[in-house]
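First up is the structure itself, then whatever we jot down about it.
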Amino acid sequence: MDKKNIKSALISVFSKDGIEPIVKELSKRDVKIYSTGGTYNFISKLGYKVIKVEDITNYPSILGGRVKTLHPKIFGGILSRRNLNQDIEETKKFEIPSIDLVIVDLYPFEKTVQAGSSEDEIIEKIDIGGIALIRAAGKNYNDVTCISSKDDYTKFLDIYIKKEGSLSIDDRKKFALNAFKNSSKYDRAIYNFFNNVENFNLKDQTKIILRYGENPHQKGSFFGDIDDIIEKIHGKELSYNNLLDVDSAIDLISEFKDEKPTFAILKHNNACGLAIRNTIEDAYKDALAADPISAFGGVLISNSDINKSTASTINDLFCEVVIAPKIHQDAIEVLKEKKNRIILILKNFPEKKSLIRSCLNGFLQQDCDAISDSQEILSYPTLKKPNQNEIQDLLFASKISKNTKSNTIVLVKNKQLLASGTGQTSRVDALNQAINKAKKFNFDLSGAVMASDAFFPFPDCAEIAHKTGISSIIQPGGSIKDNLTIDYCEKHNLSMVFTGVRHFKH
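Numbering (my numbering), first residue to last: 1492 to 1997.
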(Lines of atoms letter the chains of each structure in order from A and count residues from 1; the text may use other names and numbers.)
(Lines give C-alpha, C1' and ligand atoms only; values in the text may rest on other atoms or scores of the structure.)
Protein backbone atom coordinates (compact mmCIF):
# COMPACT_ATOMS: atom_id res chain seq x y z
CA MET A 1 0.00 0.00 0.00
CA ASP A 2 1.48 3.32 -1.09
CA LYS A 3 0.00 5.58 1.59
CA LYS A 4 0.41 4.74 5.27
CA ASN A 5 -1.52 6.37 8.06
CA ILE A 6 0.56 6.93 11.17
CA LYS A 7 -1.20 5.35 14.14
CA SER A 8 1.77 5.02 16.51
CA ALA A 9 5.09 6.80 17.04
CA LEU A 10 8.27 6.29 19.02
CA ILE A 11 10.02 9.53 19.94
CA SER A 12 13.51 9.46 21.48
CA VAL A 13 15.46 12.69 21.02
CA PHE A 14 18.48 14.34 22.59
CA SER A 15 17.49 17.91 21.63
CA LYS A 16 13.87 18.73 22.37
CA ASP A 17 13.90 21.83 20.16
CA GLY A 18 11.14 21.71 17.57
CA ILE A 19 9.50 18.51 18.83
CA GLU A 20 6.46 20.13 20.48
CA PRO A 21 4.59 21.03 17.22
CA ILE A 22 4.99 17.42 16.04
CA VAL A 23 3.69 16.00 19.33
CA LYS A 24 0.77 18.42 19.19
CA GLU A 25 -0.18 17.34 15.66
CA LEU A 26 0.23 13.64 16.41
CA SER A 27 -1.92 13.95 19.54
CA LYS A 28 -4.58 15.83 17.60
CA ARG A 29 -4.89 12.76 15.33
CA ASP A 30 -4.94 10.31 18.28
CA VAL A 31 -1.56 8.81 17.42
CA LYS A 32 -0.26 6.56 20.21
CA ILE A 33 3.08 7.99 21.34
CA TYR A 34 5.81 5.92 23.02
CA SER A 35 8.88 7.55 24.53
CA THR A 36 11.89 7.19 26.81
CA GLY A 37 13.58 9.02 29.68
CA GLY A 38 13.99 12.74 29.18
CA THR A 39 11.80 12.78 26.07
CA TYR A 40 8.97 11.08 27.99
CA ASN A 41 9.27 13.68 30.76
CA PHE A 42 9.29 16.52 28.24
CA ILE A 43 6.14 15.32 26.46
CA SER A 44 4.38 14.61 29.76
CA LYS A 45 5.06 18.13 31.03
CA LEU A 46 3.52 19.52 27.85
CA GLY A 47 0.33 17.77 28.90
CA TYR A 48 0.13 15.19 26.10
CA LYS A 49 -0.60 11.50 26.57
CA VAL A 50 2.56 9.40 26.22
CA ILE A 51 3.45 5.79 27.07
CA LYS A 52 6.77 4.79 28.60
CA VAL A 53 8.82 2.32 26.56
CA GLU A 54 9.35 0.43 29.83
CA ASP A 55 5.61 -0.24 29.99
CA ILE A 56 5.87 -2.15 26.69
CA THR A 57 9.09 -4.01 27.41
CA ASN A 58 8.44 -4.60 31.13
CA TYR A 59 12.11 -3.76 31.53
CA PRO A 60 13.56 -0.57 33.04
CA SER A 61 16.22 1.69 31.58
CA ILE A 62 19.50 0.20 32.84
CA LEU A 63 23.23 0.87 33.03
CA GLY A 64 22.82 4.61 33.52
CA GLY A 65 20.56 4.92 30.49
CA ARG A 66 22.87 3.00 28.14
CA VAL A 67 20.10 0.46 27.48
CA LYS A 68 16.56 1.78 26.99
CA THR A 69 15.05 0.83 23.63
CA LEU A 70 17.15 -2.24 22.76
CA HIS A 71 14.39 -4.81 23.11
CA PRO A 72 12.54 -7.21 20.73
CA LYS A 73 9.20 -5.57 21.47
CA ILE A 74 10.52 -2.23 20.23
CA PHE A 75 12.51 -3.45 17.25
CA GLY A 76 9.90 -6.03 16.38
CA GLY A 77 7.32 -3.23 16.25
CA ILE A 78 9.53 -1.26 13.85
CA LEU A 79 10.82 -4.12 11.66
CA SER A 80 7.63 -6.16 11.30
CA ARG A 81 6.42 -6.36 7.71
CA ARG A 82 2.74 -5.46 7.73
CA ASN A 83 1.92 -7.53 4.63
CA LEU A 84 3.70 -10.73 5.71
CA ASN A 85 1.52 -13.28 7.52
CA GLN A 86 4.42 -14.75 9.50
CA ASP A 87 5.33 -11.30 10.90
CA ILE A 88 1.68 -10.54 11.67
CA GLU A 89 1.27 -13.82 13.56
CA GLU A 90 4.49 -13.38 15.55
CA THR A 91 3.69 -9.80 16.59
CA LYS A 92 0.31 -11.01 17.85
CA LYS A 93 1.86 -13.99 19.63
CA PHE A 94 4.47 -11.89 21.45
CA GLU A 95 2.20 -8.86 21.92
CA ILE A 96 4.45 -6.56 19.91
CA PRO A 97 2.83 -3.20 19.09
CA SER A 98 3.33 -1.78 15.59
CA ILE A 99 5.38 1.43 15.39
CA ASP A 100 4.68 3.51 12.28
CA LEU A 101 6.87 6.55 12.97
CA VAL A 102 10.30 6.78 14.58
CA ILE A 103 11.72 10.18 15.51
CA VAL A 104 15.32 10.26 16.73
CA ASP A 105 17.83 13.02 17.38
CA LEU A 106 21.19 11.44 18.17
CA TYR A 107 23.57 12.29 20.98
CA PRO A 108 25.81 15.18 19.79
CA PHE A 109 29.00 13.15 19.37
CA GLU A 110 30.83 15.53 17.02
CA LYS A 111 30.03 18.62 19.10
CA THR A 112 31.29 16.83 22.22
CA VAL A 113 34.58 16.05 20.47
CA GLN A 114 34.89 19.62 19.16
CA ALA A 115 34.24 21.01 22.64
CA GLY A 116 37.44 19.32 23.86
CA SER A 117 35.56 17.10 26.32
CA SER A 118 37.24 14.23 28.18
CA GLU A 119 37.42 10.82 26.54
CA ASP A 120 34.88 9.42 29.00
CA GLU A 121 32.40 12.18 28.12
CA ILE A 122 32.97 11.60 24.40
CA ILE A 123 32.45 7.83 24.70
CA GLU A 124 29.15 8.37 26.53
CA LYS A 125 27.95 10.47 23.59
CA ILE A 126 28.20 7.51 21.21
CA ASP A 127 24.54 6.79 20.57
CA ILE A 128 23.68 3.08 20.47
CA GLY A 129 19.91 2.78 20.75
CA GLY A 130 19.24 5.85 18.61
CA ILE A 131 21.40 4.71 15.71
CA ALA A 132 19.82 1.23 15.87
CA LEU A 133 16.32 2.75 15.78
CA ILE A 134 17.27 4.83 12.73
CA ARG A 135 18.66 1.84 10.84
CA ALA A 136 15.66 -0.33 11.68
CA ALA A 137 13.11 2.30 10.66
CA GLY A 138 15.08 3.17 7.54
CA LYS A 139 15.28 -0.48 6.54
CA ASN A 140 11.51 -0.91 6.89
CA TYR A 141 10.57 2.27 4.99
CA ASN A 142 7.81 0.30 3.26
CA ASP A 143 5.84 0.51 6.50
CA VAL A 144 7.65 3.00 8.75
CA THR A 145 8.57 6.69 8.51
CA CYS A 146 12.02 7.51 9.95
CA ILE A 147 12.87 11.06 11.04
CA SER A 148 16.57 10.91 11.91
CA SER A 149 17.43 14.53 12.67
CA LYS A 150 15.78 17.66 14.02
CA ASP A 151 16.65 19.24 10.65
CA ASP A 152 13.82 17.13 9.15
CA TYR A 153 11.13 18.11 11.69
CA THR A 154 9.66 20.98 9.67
CA LYS A 155 9.70 19.03 6.40
CA PHE A 156 7.98 16.05 8.03
CA LEU A 157 5.36 18.20 9.74
CA ASP A 158 4.52 20.02 6.51
CA ILE A 159 3.99 16.74 4.64
CA TYR A 160 2.10 15.16 7.54
CA ILE A 161 -0.36 18.05 7.80
CA LYS A 162 -0.73 18.48 4.04
CA LYS A 163 -1.45 14.77 3.53
CA GLU A 164 -3.72 14.58 6.58
CA GLY A 165 -1.75 12.13 8.67
CA SER A 166 -0.36 9.82 6.01
CA LEU A 167 2.87 9.63 4.01
CA SER A 168 3.49 8.09 0.59
CA ILE A 169 6.10 5.45 -0.17
CA ASP A 170 8.17 8.14 -1.92
CA ASP A 171 8.04 10.31 1.20
CA ARG A 172 9.11 7.42 3.41
CA LYS A 173 11.92 6.39 1.07
CA LYS A 174 13.32 9.93 0.98
CA PHE A 175 13.36 10.07 4.77
CA ALA A 176 15.02 6.63 4.82
CA LEU A 177 17.72 7.88 2.45
CA ASN A 178 18.40 10.77 4.78
CA ALA A 179 18.42 8.37 7.75
CA PHE A 180 21.21 6.27 6.26
CA LYS A 181 23.12 9.39 5.25
CA ASN A 182 22.94 10.65 8.85
CA SER A 183 23.89 7.29 10.33
CA SER A 184 26.83 6.95 7.91
CA LYS A 185 28.08 10.43 8.79
CA TYR A 186 27.70 9.68 12.51
CA ASP A 187 29.65 6.41 12.25
CA ARG A 188 32.38 8.11 10.21
CA ALA A 189 32.82 10.72 12.97
CA ILE A 190 33.20 7.97 15.57
CA TYR A 191 35.68 6.10 13.38
CA ASN A 192 37.71 9.27 12.89
CA PHE A 193 37.82 9.85 16.63
CA PHE A 194 39.10 6.34 17.36
CA ASN A 195 41.53 6.50 14.44
CA ASN A 196 42.75 9.89 15.72
CA VAL A 197 42.46 11.49 12.28
CA GLU A 198 40.20 13.84 10.46
CA ASN A 199 39.58 11.67 7.45
CA PHE A 200 37.69 13.27 4.59
CA ASN A 201 36.27 10.42 2.53
CA LEU A 202 34.63 11.56 -0.70
CA LYS A 203 32.55 8.40 -0.81
CA ASP A 204 30.79 9.47 2.40
CA GLN A 205 29.83 12.89 1.05
CA THR A 206 26.86 14.10 -0.95
CA LYS A 207 28.10 14.92 -4.45
CA ILE A 208 26.81 17.90 -6.42
CA ILE A 209 27.83 18.14 -10.09
CA LEU A 210 28.66 21.76 -10.97
CA ARG A 211 28.25 23.37 -14.40
CA TYR A 212 32.02 23.31 -14.74
CA GLY A 213 35.16 23.93 -12.69
CA GLU A 214 37.24 27.07 -12.40
CA ASN A 215 37.11 27.41 -16.20
CA PRO A 216 34.57 26.06 -18.72
CA HIS A 217 36.90 23.32 -19.98
CA GLN A 218 37.28 21.87 -16.45
CA LYS A 219 34.78 19.55 -14.76
CA GLY A 220 33.76 20.44 -11.23
CA SER A 221 31.91 18.93 -8.25
CA PHE A 222 31.12 19.81 -4.66
CA PHE A 223 31.17 17.14 -1.95
CA GLY A 224 29.33 17.79 1.29
CA ASP A 225 26.02 18.75 2.89
CA ILE A 226 25.86 22.31 1.63
CA ASP A 227 22.26 22.67 2.86
CA ASP A 228 23.54 22.54 6.44
CA ILE A 229 25.28 25.89 5.88
CA ILE A 230 23.33 27.88 3.29
CA GLU A 231 19.86 27.94 1.78
CA LYS A 232 19.49 29.20 -1.79
CA ILE A 233 16.23 31.07 -2.20
CA HIS A 234 16.77 32.58 -5.65
CA GLY A 235 19.05 32.67 -8.66
CA LYS A 236 21.10 30.45 -10.90
CA GLU A 237 22.98 27.39 -9.70
CA LEU A 238 26.14 28.07 -7.71
CA SER A 239 29.29 27.61 -9.76
CA TYR A 240 32.73 26.39 -8.67
CA ASN A 241 33.98 29.98 -8.47
CA ASN A 242 30.80 31.13 -6.70
CA LEU A 243 31.34 28.48 -4.03
CA LEU A 244 34.96 29.52 -3.47
CA ASP A 245 33.83 33.14 -3.08
CA VAL A 246 30.95 32.19 -0.80
CA ASP A 247 33.32 30.14 1.35
CA SER A 248 35.75 33.06 1.63
CA ALA A 249 32.90 35.47 2.39
CA ILE A 250 31.53 33.30 5.20
CA ASP A 251 35.03 32.80 6.65
CA LEU A 252 35.54 36.58 6.64
CA ILE A 253 32.17 37.57 8.11
CA SER A 254 32.57 34.92 10.83
CA GLU A 255 35.34 37.14 12.24
CA PHE A 256 32.68 39.84 12.77
CA LYS A 257 29.61 37.76 13.66
CA ASP A 258 29.28 39.34 17.11
CA GLU A 259 29.96 42.90 15.94
CA LYS A 260 27.52 45.69 15.16
CA PRO A 261 26.13 45.64 11.59
CA THR A 262 28.97 44.61 9.29
CA PHE A 263 28.99 44.33 5.51
CA ALA A 264 31.68 42.86 3.28
CA ILE A 265 32.16 42.73 -0.49
CA LEU A 266 34.51 40.16 -1.98
CA LYS A 267 36.00 39.52 -5.40
CA HIS A 268 38.14 36.50 -6.25
CA ASN A 269 38.19 35.41 -2.58
CA ASN A 270 39.52 38.77 -1.31
CA ALA A 271 37.69 41.61 0.42
CA CYS A 272 37.43 44.75 -1.68
CA GLY A 273 35.15 46.45 0.86
CA LEU A 274 34.20 46.02 4.51
CA ALA A 275 32.74 48.32 7.13
CA ILE A 276 31.07 48.28 10.55
CA ARG A 277 28.35 50.87 11.13
CA ASN A 278 25.23 51.47 13.21
CA THR A 279 22.95 50.28 10.40
CA ILE A 280 23.51 47.61 7.79
CA GLU A 281 22.68 50.03 4.98
CA ASP A 282 25.40 52.44 6.11
CA ALA A 283 27.80 49.50 6.48
CA TYR A 284 27.05 48.47 2.88
CA LYS A 285 27.53 52.01 1.53
CA ASP A 286 30.91 52.39 3.24
CA ALA A 287 32.02 48.91 2.19
CA LEU A 288 31.15 49.76 -1.42
CA ALA A 289 33.03 53.07 -1.21
CA ALA A 290 36.36 51.26 -0.75
CA ASP A 291 36.34 49.94 -4.31
CA PRO A 292 33.10 50.28 -6.30
CA ILE A 293 34.87 49.06 -9.43
CA SER A 294 35.97 45.70 -8.01
CA ALA A 295 32.55 45.31 -6.37
CA PHE A 296 30.99 44.83 -9.82
CA GLY A 297 30.12 41.14 -10.10
CA GLY A 298 31.20 40.51 -6.52
CA VAL A 299 29.87 38.55 -3.56
CA LEU A 300 28.11 40.55 -0.83
CA ILE A 301 27.69 39.32 2.74
CA SER A 302 26.16 40.78 5.88
CA ASN A 303 26.28 39.72 9.53
CA SER A 304 22.80 41.25 10.08
CA ASP A 305 19.32 41.20 8.58
CA ILE A 306 18.92 42.89 5.21
CA ASN A 307 15.82 45.09 5.02
CA LYS A 308 14.03 46.52 1.99
CA SER A 309 15.84 49.86 2.09
CA THR A 310 19.25 48.18 2.09
CA ALA A 311 18.14 45.80 -0.66
CA SER A 312 17.06 48.75 -2.81
CA THR A 313 20.51 50.31 -2.39
CA ILE A 314 22.22 47.00 -3.20
CA ASN A 315 20.02 46.60 -6.27
CA ASP A 316 21.86 49.45 -8.03
CA LEU A 317 24.96 47.22 -8.13
CA PHE A 318 25.44 44.21 -10.40
CA CYS A 319 26.52 41.47 -8.02
CA GLU A 320 26.64 37.69 -8.31
CA VAL A 321 25.66 36.68 -4.76
CA VAL A 322 24.02 38.23 -1.68
CA ILE A 323 24.33 36.40 1.65
CA ALA A 324 22.80 37.22 5.05
CA PRO A 325 21.50 35.37 8.12
CA LYS A 326 18.05 36.78 7.35
CA ILE A 327 16.59 38.78 4.47
CA HIS A 328 13.18 40.36 4.91
CA GLN A 329 10.56 39.13 2.44
CA ASP A 330 10.07 42.56 0.84
CA ALA A 331 13.87 42.82 0.52
CA ILE A 332 13.96 39.43 -1.21
CA GLU A 333 11.42 40.65 -3.75
CA VAL A 334 13.65 43.64 -4.53
CA LEU A 335 16.80 41.52 -4.89
CA LYS A 336 14.95 39.01 -7.10
CA GLU A 337 14.49 41.70 -9.73
CA LYS A 338 17.82 40.45 -11.14
CA LYS A 339 16.74 36.94 -12.16
CA ASN A 340 20.23 35.37 -12.05
CA ARG A 341 21.33 36.98 -8.80
CA ILE A 342 21.99 34.28 -6.22
CA ILE A 343 20.36 34.97 -2.84
CA LEU A 344 21.56 32.84 0.07
CA ILE A 345 20.51 32.56 3.69
CA LEU A 346 23.44 31.81 6.00
CA LYS A 347 22.03 29.12 8.32
CA ASN A 348 25.19 28.12 10.20
CA PHE A 349 28.90 28.86 10.20
CA PRO A 350 30.91 25.79 9.12
CA GLU A 351 32.79 24.11 11.95
CA LYS A 352 36.04 23.74 10.02
CA LYS A 353 38.96 21.99 11.61
CA SER A 354 41.13 20.94 8.69
CA LEU A 355 42.14 22.26 5.30
CA ILE A 356 42.90 19.63 2.65
CA ARG A 357 44.25 20.31 -0.84
CA SER A 358 45.85 18.26 -3.59
CA CYS A 359 49.65 18.42 -3.88
CA LEU A 360 51.94 16.56 -6.29
CA ASN A 361 50.63 12.99 -6.31
CA GLY A 362 48.97 13.28 -2.90
CA PHE A 363 47.36 15.69 -0.48
CA LEU A 364 48.37 18.34 2.04
CA GLN A 365 46.41 18.63 5.29
CA GLN A 366 46.66 21.29 7.95
CA ASP A 367 44.63 22.71 10.83
CA CYS A 368 42.47 25.66 9.87
CA ASP A 369 43.70 29.07 11.05
CA ALA A 370 41.30 29.34 14.00
CA ILE A 371 43.02 32.26 15.77
CA SER A 372 41.18 35.56 15.53
CA ASP A 373 43.46 38.32 16.77
CA SER A 374 42.23 40.03 19.94
CA GLN A 375 43.48 42.74 22.27
CA GLU A 376 44.52 40.12 24.84
CA ILE A 377 47.31 38.75 22.63
CA LEU A 378 48.86 42.10 21.70
CA SER A 379 52.31 43.18 22.82
CA TYR A 380 53.60 46.75 22.54
CA PRO A 381 57.22 47.06 21.31
CA THR A 382 57.09 50.85 20.83
CA LEU A 383 56.99 53.48 23.56
CA LYS A 384 54.06 55.15 21.85
CA LYS A 385 50.94 53.06 22.39
CA PRO A 386 47.92 53.13 20.08
CA ASN A 387 44.79 54.65 21.58
CA GLN A 388 41.64 52.55 21.99
CA ASN A 389 40.13 53.63 18.67
CA GLU A 390 43.36 52.74 16.89
CA ILE A 391 43.44 49.34 18.64
CA GLN A 392 39.93 48.59 17.39
CA ASP A 393 40.97 49.59 13.86
CA LEU A 394 44.15 47.53 14.10
CA LEU A 395 42.24 44.38 15.09
CA PHE A 396 39.65 45.09 12.38
CA ALA A 397 42.45 45.37 9.81
CA SER A 398 44.22 42.26 11.09
CA LYS A 399 41.08 40.14 10.69
CA ILE A 400 40.76 41.26 7.09
CA SER A 401 44.47 40.60 6.52
CA LYS A 402 44.07 37.04 7.85
CA ASN A 403 41.41 36.39 5.20
CA THR A 404 43.30 37.96 2.28
CA LYS A 405 45.75 36.28 -0.10
CA SER A 406 49.41 36.71 0.87
CA ASN A 407 51.43 38.85 0.66
CA THR A 408 48.92 41.39 1.87
CA ILE A 409 48.77 44.82 3.45
CA VAL A 410 45.45 46.21 4.69
CA LEU A 411 44.68 49.89 5.37
CA VAL A 412 41.79 50.80 7.68
CA LYS A 413 40.28 53.91 9.25
CA ASN A 414 37.24 54.19 11.51
CA LYS A 415 36.31 50.53 10.99
CA GLN A 416 36.26 50.88 7.24
CA LEU A 417 38.52 49.09 4.81
CA LEU A 418 40.21 51.80 2.76
CA ALA A 419 42.28 49.52 0.53
CA SER A 420 44.37 46.39 0.50
CA GLY A 421 47.28 45.02 -1.48
CA THR A 422 46.60 41.37 -2.24
CA GLY A 423 48.61 38.39 -3.44
CA GLN A 424 51.83 40.27 -4.08
CA THR A 425 55.29 38.70 -4.24
CA SER A 426 56.69 41.64 -2.26
CA ARG A 427 55.26 43.18 0.90
CA VAL A 428 56.41 46.60 -0.34
CA ASP A 429 54.46 46.01 -3.57
CA ALA A 430 51.39 45.06 -1.52
CA LEU A 431 51.67 48.30 0.48
CA ASN A 432 52.15 50.46 -2.61
CA GLN A 433 49.18 48.77 -4.27
CA ALA A 434 47.01 49.52 -1.22
CA ILE A 435 48.14 53.17 -1.03
CA ASN A 436 47.54 53.76 -4.73
CA LYS A 437 44.07 52.23 -4.55
CA ALA A 438 43.14 54.30 -1.48
CA LYS A 439 44.24 57.48 -3.23
CA LYS A 440 42.36 56.46 -6.39
CA PHE A 441 39.11 56.50 -4.41
CA ASN A 442 40.03 59.74 -2.60
CA PHE A 443 40.63 58.36 0.89
CA ASP A 444 42.65 60.43 3.36
CA LEU A 445 45.23 58.10 4.93
CA SER A 446 46.07 60.47 7.76
CA GLY A 447 45.34 58.61 10.98
CA ALA A 448 44.74 55.30 9.19
CA VAL A 449 46.25 52.03 10.46
CA MET A 450 48.09 49.28 8.63
CA ALA A 451 47.98 45.49 9.05
CA SER A 452 50.37 42.93 7.62
CA ASP A 453 49.80 39.16 7.50
CA ALA A 454 53.49 38.49 8.26
CA PHE A 455 56.47 40.27 9.81
CA PHE A 456 58.51 43.04 8.20
CA PRO A 457 62.10 41.92 7.50
CA PHE A 458 63.10 45.55 6.93
CA PRO A 459 61.76 48.96 8.01
CA ASP A 460 60.84 49.96 4.43
CA CYS A 461 57.09 49.39 4.86
CA ALA A 462 57.04 51.39 8.09
CA GLU A 463 58.80 54.22 6.31
CA ILE A 464 56.37 54.23 3.36
CA ALA A 465 53.40 54.02 5.74
CA HIS A 466 54.63 56.92 7.85
CA LYS A 467 55.12 59.15 4.81
CA THR A 468 51.47 58.60 3.80
CA GLY A 469 50.11 59.58 7.23
CA ILE A 470 49.49 56.13 8.72
CA SER A 471 49.63 56.35 12.52
CA SER A 472 49.79 52.74 13.76
CA ILE A 473 50.84 49.27 12.59
CA ILE A 474 49.83 45.73 13.51
CA GLN A 475 51.99 42.78 12.50
CA PRO A 476 53.05 39.39 13.89
CA GLY A 477 56.62 40.37 14.70
CA GLY A 478 59.28 37.69 14.87
CA SER A 479 61.84 38.92 12.34
CA ILE A 480 65.48 38.80 13.39
CA LYS A 481 65.52 42.44 12.30
CA ASP A 482 62.41 43.56 14.23
CA ASN A 483 64.57 46.11 15.99
CA LEU A 484 65.08 48.01 12.72
CA THR A 485 61.34 48.52 12.26
CA ILE A 486 60.88 49.31 15.97
CA ASP A 487 63.66 51.92 15.82
CA TYR A 488 62.09 53.59 12.79
CA CYS A 489 58.70 53.74 14.52
CA GLU A 490 60.28 55.21 17.68
CA LYS A 491 62.07 57.95 15.73
CA HIS A 492 58.97 58.92 13.77
CA ASN A 493 56.33 58.70 16.51
CA LEU A 494 54.54 55.65 15.08
CA SER A 495 52.86 53.14 17.38
CA MET A 496 53.15 49.45 16.59
CA VAL A 497 51.75 46.26 18.09
CA PHE A 498 52.79 42.64 17.68
CA THR A 499 50.30 39.75 17.63
CA GLY A 500 52.81 36.90 17.66
CA VAL A 501 50.61 35.13 15.09
CA ARG A 502 51.36 34.92 11.37
CA HIS A 503 48.38 34.65 9.02
CA PHE A 504 49.73 33.51 5.66
CA LYS A 505 47.04 32.54 3.18
CA HIS A 506 48.09 30.90 -0.08
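A virtual CB, placed ideally from N, CA and C, is assigned to each residue, including glycine.
- Under DSSP, C1850 forms a beta bridge with G1853.
- Counting of Cβ neighbours within 10 angstroms places R1572 among the exposed residues, the total staying below 16.
- Secondary structure at T1753: strand, using DSSP grouped into helix, strand and coil.
- Counting along the chain, Y1525 sits inside the beta strand (DSSP E) bounded by residues 1523-1526.
- No residue range can be given for C1859, since it is assigned to no alpha helix (DSSP H) and is classified by DSSP as neither H nor E.
- When the beta-carbon positions are compared, S1911 and N1761 come within less than 9 Å of each other.
- Between I1814 and I1805, the CB-CB gap reaches or exceeds 9 Å.
- The alpha carbon of K1543 has as its nearest neighbour, out of G1528, D1864, I1771, L1765, the alpha carbon of G1528.
- The Cβ atoms of V1522 and L1537 lie no closer than 9 Å to each other.
- Under a 10 Å Cβ-count criterion, D1618 is classified as buried, with 16 or more other Cβ atoms of the shown protein chains found around its own Cβ.
- The Cβ atoms of L1902 and V1940 sit closer than 9 Å to each other.
- The segment 1884-1892 and the segment 1961-1977 touch, with no fewer than 3 CB-CB distances between them shorter than 8 Å.
- For K1641, the secondary structure class from DSSP, reduced to helix, strand or coil, is helix.
- By the criterion of at least three beta-carbon pairs nearer than 8 Å, the segment 1782-1801 is in contact with the segment 1749-1766.
- The beta carbon of E1828 is closer than 8 Å to those of N1806 in its chain, skipping five residues each way along the sequence.
- Rounded to whole angstroms, the gap between the alpha carbons of P1512 and S1800 is 34 Å.
- In the three-state scheme derived from DSSP, where H, G and I count as helix and E and B as strand, T1530 is classed as helix.
- Annotated three-state conformation of D1944 is coil, per DSSP.
- As summarised for the segment 1727-1776, the continuous alpha helix (DSSP H) elements at least 4 residues long and confined to that stretch are 1731-1745, given in chain order.
- When the alpha-carbon of K1641 is set against those of V1504, L1561, K1540, the nearest one is in V1504.
- Under DSSP, A1910 shares a beta bridge with L1902.
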